[in-house]
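> In the numbering used here, the protein residues as written are 146 to 221.
#1: Could you spell out where the alpha helix (DSSP H) holding residue 177 opens and where it closes?
#2: Going by DSSP, what residue range makes up the beta strand (DSSP E) through residue 170?
#3: Specify the secondary structure class of residue 174 as computed by DSSP and reduced to three states.
#4: With respect to the beta strand (DSSP E) encompassing residue 151, which residues constitute its N-terminal and C-terminal limits?
#5: Among the residues of its own chain, which have a CB less than 8 Å from the CB of residue 175, if the five just before and after it don't count?
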């Protein structure tokens, strides 16, 4: 399993490594090319999850370290 994680999330480093391959990037640098073979995405509000970002990827899990979900296109 490959997880792409926004590196600005406090205390996140080291959490997923025992279970998966983890790639840390700045939220603004998370793009479709990086997600092509990722299974999961852990983000903040700076990363908009929509068709433009996710189409053609294997991402099946989106976790957000926020209170809201307005940055995630749920219907898509």
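We treat Cβ as the ideally placed atom computed from N, Cα and C, and that holds for glycine.
Reading off the structure:
#1: Taken as a continuous stretch (DSSP letters only), the alpha helix (DSSP H) holding residue 177 covers 177-180.
#2: 166-170
#3: Correct three-state label for residue 174: helix.
#4: Counting along the chain, the beta strand (DSSP E) containing residue 151 begins and ends at 147-151.
#5: Excluding residues within five positions, the ones whose Cβ falls inside 8 Å are 149, 151, 186, 188, 192 and 198.
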